[in-house]
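Just so we're aligned, residue 136 is where the sequence shown starts under this note's numbering, counting upward by one. Just so you know, even glycine gets a beta-carbon here, dropped at the ideal spot from N, CA and C. The block underneath contains the structure these notes are about, expressed in structure tokens.
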Amino acid sequence: MLDDLKIFITAAQTKSLTATAEKLGMTIATVSRRIANLESTLGSVLLHRSTKGLTLTTTGASYYRECAEFIEALDQRISDLDHTLNSLEGEVKILAPTNLGAGPLDEFWPLFAIKYPQISLRIELSNDFQSLQDTQADLALRSGQSSNQSLIQRKVGEIQGILVASPSLSPFPETIEQLEQTQSIAGQLFNEWHLIHDASGAEQTIDKPHRHTCNDMRISVNLVKHGHGVTFLPESLVYDEIQAGQLKRVLPEWRGRSREIYVVWPYRRSLSVRATLVRDELMAFLHSQAWFKPS
Numbered sequence: 136m137l138d139d140l141k142i143f144i145t146a147a148q149t150k151s152l153t154a155t156a157e158k159l160g161m162t163i164a165t166v167s168r169r170i171a172n173l174e175s176t177l178g179s180v181l182l183h184r185s186t187k188g189l190t191l192t193t194t195g196a197s198y199y200r201e202c203a204e205f206i207e208a209l210d211q212r213i214s215d216l217d218h219t220l221n222s223l224e225g226e227v228k229i230l231a232p233t234n235l236g237a238g239p240l241d242e243f244w245p246l247f248a249i250k251y252p253q254i255s256l257r258i259e260l261s262n263d264f265q266s267l268q269d270t271q272a273d274l275a276l277r278s279g280q281s282s283n284q285s286l287i288q289r290k291v292g293e294i295q296g297i298l299v300a301s302p303s304l305s306p307f308p309e310t311i312e313q314l315e316q317t318q319s320i321a322g323q324l325f326n327e328w329h330l331i332h333d334a335s336g337a338e339q340t341i342d343k344p345h346r347h348t349c350n351d352m353r354i355s356v357n358l359v360k361h362g363h364g365v366t367f368l369p370e371s372l373v374y375d376e377i378q379a380g381q382l383k384r385v386l387p388e389w390r391g392r393s394r395e396i397y398v399v400w401p402y403r404r405s406l407s408v409r410a411t412l413v414r415d416e417l418m419a420f421l422h423s424q425a426w427f428k429p430s
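Spelled out as structure tokens, the structure:
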């Protein structure tokens with residue numbers, strides 16, 4: 136009915152079926168039929184038709200006054216929404232865990248900003264849960280699947296947890312028993328180490344007092360680089376240091392449970408072109424990283 140009202144309002148303004156058809160990209164027959172349908176639905180004649188054109192009836196003039204402003208405002212809102220969703224120019228707000236958004240994704244953010252200079256990134260990093268609805272974020276990277284049914288969740292892949300230490304650490308642990316006796320550093324999220332043996336699938340839990348603890352994994356990386364013990368971290372945080380020889384894997388035949396990484400967005404909110412670009416480019420970047428195991 137809204138479409139029929141729009142046709143009626145255009146006809147009332149142009150005072151011509153032909154001009155209305157041209158303006159709306161329709162045939163004259165379609166315009167005439169749709170106005171007739173509206174009149175039938177309302178039970179009133181809205182327009183007088185004559186060889187001189189169209190004129191409003193008394194009822195038609197009343198409907199026009201009531202509806203024209205509303206329809207034009209609705210059209211403007213739809214146009215604004217279309218611009219918001221489909222324009223490359225604008226903001227995208229992204230939530231991510233601190234230990235993934237900073238460090239492992241350091242290379243991604245400037246690459247994206249160079250490729251799409253018209254998009255403004257609003258990046259919020261936190262290891263605490265943040266609601267997309269409360270923060271009005273477009274996208275979020277999450278470690279683990281959420282039970283929230285109002286979110287669309289796409290698994291991107293996994294990040295493996297590994298044990299690392301400085302190559303200069305002495306004695307360098309070569310067995311689980313030696314590991315349990317070695318000074319260690321732990322992040323609050325990785326205080327208890329659950330390990331899986333690659334070949335046998337055997338599992339081992341290391342629950343020991345740690346010499347140092349911190350709530351930011353980058354501090355753990357810095358401490359182990361300076362020879363203060365062993366730590367257990369996502370490979371994404373220490374891959375570059377391992378490649379540079381600053382860190383070395385401890386017991387490389389053992390690994391931690393993988394962290395499943397998801398990209399999520401609100402179920403009932405259409406993703407803008409900008410947010411879609413961020414999502415797709417981010418997934419492609421993660422899939423290209425040696426420390427990331429794609430789904």
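Collapsed DSSP secondary structure at residue i in the structure displayed
i, result
"Trp426", "coil"
"Ala275", "strand"
"Val365", "strand"
"Tyr199", "helix"
"Val413", "helix"
"Gly236", "helix"
"Lys150", "coil"
"Pro306", "coil"
"Leu256", "strand"
"Val385", "coil"
"Ala300", "strand"
"Leu330", "strand"
N-terminal and C-terminal residue of the beta strand (DSSP E) that residue i is part of
i, result
"Arg289", "Leu286 to Ile294"
"Arg169", "Counting along the chain, Arg169 falls outside any beta strand (DSSP E), though it belongs to the alpha helix (DSSP H) covering Ile163 to Leu177."
"Arg184", "Leu182 to Ser185"
"Thr444", "Only positions 136 to 430 of the chain appear in this structure, which leaves residue 444 out of reach."
"Gln339", "Glu338 to Ile341"
"Leu267", "Taken as a continuous stretch (DSSP letters only), Leu267 belongs to no beta strand (DSSP E), being part of the alpha helix (DSSP H) at Leu267 to Thr270."
"Ala231", "Gly225 to Ala231"
"His347", "His347 to Cys349"
N- and C-terminal bounds of the alpha helix (DSSP H) containing residue i
i, result
"Ser319", "Here Ser319 belongs to no alpha helix (DSSP H); instead the beta strand (DSSP E) covers Ser319 to Gly322."
"Arg392", "Here Arg392 belongs to no alpha helix (DSSP H), and DSSP marks it neither H nor E."
"Val373", "Glu370 to Gln378"
"Glu315", "Ile311 to Gln316"
"Val356", "Met352 to Lys360"
"Leu246", "Phe243 to Lys250"
Buried or exposed (CB count within 10 angstroms, at least 16 for buried), residue i
i, result
"Phe264", "exposed"
"Tyr86", "Only positions 136 to 430 of the chain appear in this structure, which leaves residue 86 out of reach."
"Ile170", "buried"
"Thr310", "exposed"
"Arg184", "exposed"
"Phe205", "exposed"
"Pro252", "exposed"
"Asn234", "buried"
"Thr155", "buried"
"Arg394", "buried"
"Pro344", "exposed"
"Pro232", "buried"
"Glu338", "exposed"
For residue j and residue i, believed in contact at Cβ under 8 angstroms, the rounded distance
i, j, result
"Pro433", "Gly296", "Residue 433 lies beyond the range of the chain shown here (136 to 430); nothing can be said about it."
"Ala146", "Val166", "7 angstroms"
"Ile163", "Thr153", "6 angstroms"
"Pro308", "Lys383", "Actually they are not in contact, since the Cβ atoms of Pro308 and Lys383 sit about 11 angstroms apart, beyond 8 angstroms."
"Val227", "Arg257", "7 angstroms"
"Gly238", "Arg353", "6 angstroms"
"Lys150", "Gly188", "5 angstroms"
Neighbour flag for residue i against chain B, beta carbons, 8 angstroms
i, result
"Glu338", "Reference to chain B is not applicable here, since this structure consists of a single protein chain."
| message | With a threshold of 8 angstroms, are at least 3 pairs of Cβ atoms found where one atom belongs to the region 242-251 and the other to the region 267-277? | response | The region 267-277 and the region 242-251 do not touch, with fewer than three beta-carbon pairs separated by less than 8 angstroms.
| task | Decide yes or no for the touch test of the region 315-328 against the region 285-293: beta carbon pairs closer than 8 angstroms, at least 3 of them. | result | Flag = no, the region 315-328 and the region 285-293 do not touch.
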